[in-house]
Structure formats: C-alpha cells, structure tokens
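Before any comments, here is the structure.
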Amino acid sequence: QHILVQTSKKVDSAHSGWFKTEINRDYNNAYGYGLIDATAAVNLAKNWNNVDSEVKTVTDKVEVDQLILDDNNEGVTSSYYVHNSMNIESVEILVNITHGTRGDVNVFLTSPNGIVSELVRDNNQDLGDHYYNWIFTSMAHWGENSFGEWSLKVNDTVSGGASDRIFNNWSLSFYGTSEPDSDGDGLPDYADSKLGTGINNPDFDADGLLDGEEYYGWLD
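Here the numbering used here = 1-based position in the sequence shown + 324.
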C-alpha cells in the first residue's frame, strides 16, 4: 500500500475532486491516489525497507442523538479529541444514522489538519434505509497523525424523504504505525510538538514527572 500511494499518478486532471492531502499527495474521492504506475511501483519496491508493524487505535463511541434537518447543508457536526498519537494509513468510521431515505444523506470526516474525507454523497439510486453499524473506510488521511480533534458531519441536502432523521453515534478506528518517542517520556514526538513540550525534553515543566505520565495519567 505504501508503494502504491507513493507511485500512483494523477489522472483526469480536469475532474474537480482533486485536492492535496496533508503529505502533499494528490487525492480524489473518485480516483483515490490515481492511476497505478506499475513501472514506478516495481522500481520503488526493489530497494524497499518495510515499515513497522501495524498498530490500531480505537476511540470511544461518541453519542450524538441529534435531529438531522431536511434539505439543510449545515446538518449535524460532532467532534472528538483523539489523545493517542500514531501515523495513519487508513481510518474506519463506524456510524449509526437513523434515516428512512438513506440516499439523501451525506457524511464527511474532517481531520485535525482540515483534510476532509467525503464518505458518502446523496444518491437517488440508493433506496435503502439507515446506516446501522455501518463502516466507512477512508484512505485520504494517509500520512497524517491521529492526535487532535476529529469531526464528523452528517447532513441531508435533498428535500422531502423520510421524517425519521437522527445522527445517533459514531467512532473511529485508526490503522497505521507507531509515532517515535525520541525523549522516552511516554508522549510520541507528534503529540510533544503539538503540546509544545519538546521532543527532546522528557520533563518539560521540571516537576519530576514525565510529560507522558502527566498527559495520559492526568497528573500534576
């Protein structure tokens, strides 16, 4: 997957859906990372060093239980702060949405860096109902870090349809690799940089407690 992400090429440049990811790669919800370049992939693979073993972070279930207004772009947005810090390959989004006209629903995931995954758009060919224990998967956040505030927006931009429209709850599962912890304080480097505690200073406030003990143990 790493090789394909790094070597795929942008295709159909006129398509309006292309944007730059946080790691400055072209991505499109219709095309992913683009057209596979077999020659480039094989050449990169010749001297490839394997990445670290896969790790996983799962968030709590976020209860929302809010009405989704009909034909309304604003919809309902719910946010959750992820304190674990790991390097992302993919994100799974588990949602429970009550909606008798499922094809009217749009769902968007936004990362702490402002990268937006379009998980589903309204589709009048989808005649089903509800998203119950439904798992979406996004690759748009490849190379980002899980640490920070993530938001999920659900809206209904089609007039009419069912009257039962509730954004019930959601959760996230991150897959990828561990973030280094250069100073051994229990806080990965990315979290250290965001919190301002420094990646080479294990006890930023010099109180005898490691930064990770304070942050994750809520001690001070």
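The C-beta atom is built at its ideal place from N, Cα and C for all residues, glycine as well.
In this text the structure is predicted, and so the values were computed from the model without any measurement.
What does the alpha-carbon distance come out to for the pair residue i and residue j?
| i | j | result |
| --- | --- | --- |
| Asp544 | Pro512 | Residue confidence is low: Asp544 scores 48 on pLDDT, short of 50, so the model does not pin down where it sits. Its coordinate-derived value is still stated next. If I take the Cα positions, the gap works out to 19 Å. |
| Gly467 | Tyr351 | 12 Å |
| Thr298 | Val375 | Residue 298 lies beyond the range of the chain shown here (325 to 544); nothing can be said about it. |
| His407 | Asp428 | 33 Å |
| Asn469 | His423 | 32 Å |
| His339 | Lys333 | 14 Å |
| Gln325 | Glu503 | 18 Å |
| Thr434 | Asn447 | 21 Å |
Taking the beta carbon of residue i as the centre, do at least 16 other beta carbons fall within 10 Å, making it buried, or is it exposed?
| i | result |
| --- | --- |
| Ile392 | buried |
| Glu387 | exposed |
| Trp372 | exposed |
| Ile417 | buried |
| Asp450 | exposed |
| Gly358 | buried |
| Glu378 | exposed |
| Arg445 | exposed |
| Arg426 | buried |
| Asn524 | exposed |
Shorter than 7 Å from the beta carbon of residue i to some beta carbon of chain D?
| i | result |
| --- | --- |
| Val400 | Among the chains in the structure shown there is no chain D, since it carries only a single protein chain. |
Checking the sheet assignment: what are the DSSP bridge partners for residue i?
| i | result |
| --- | --- |
| Ile417 | Phe460, Leu496 |
| Asp350 | Lys344 |
| Thr434 | Val440, Ser475 |
| Gly356 | Asn352 |
| Lys333 | Leu359 |
Between which residues of its own chain and residue i is the CB-CB distance below 7 Å, once the five residues before and five after are set aside?
| i | result |
| --- | --- |
| Met463 | Gly356, Ser414 |
| Thr383 | Tyr404, Val406, Ser495, Leu496 |
| Ile360 | Leu328, Ser332 |
| Lys380 | Ser497, Phe498, Tyr499 |
| Glu364 | Position check: residue 364 holds Ala in this sequence, whereas Glu was assumed. For Ala364, where only same-chain residues beyond five positions count, the Cβ hits under 7 Å are Thr331. |
| Asn493 | Lys385, Val386, Glu387, Val388, Asn420 |
| Asn397 | Asn479, Thr481 |
| Thr521 | Leu511, Phe528, Asp535 |
So, for residue i: in the same chain, excluding its five sequence neighbours on each side, which residues have a beta-carbon less than 8 Å away from its beta-carbon?
| i | result |
| --- | --- |
| Gly438 | none |
Report whether the distance from the Cβ of residue i to the nearest heavy atom of the ligand HEM is below 6 Å.
| i | result |
| --- | --- |
| Gly399 | With respect to the ligand HEM, the structure shown offers nothing to examine, as it has no ligands at all. |
Item to check | beta strand (DSSP E) runs contained entirely in the stretch 465-538, provided each spans 3 or more residues | outcome: 472-480, 489-502
Next on the checklist: Quick check for students: name the residue ranges of the alpha helix (DSSP H) that lie wholly in the stretch 357-418, counting only runs of 4 or more.
Outcome noted: 362-369
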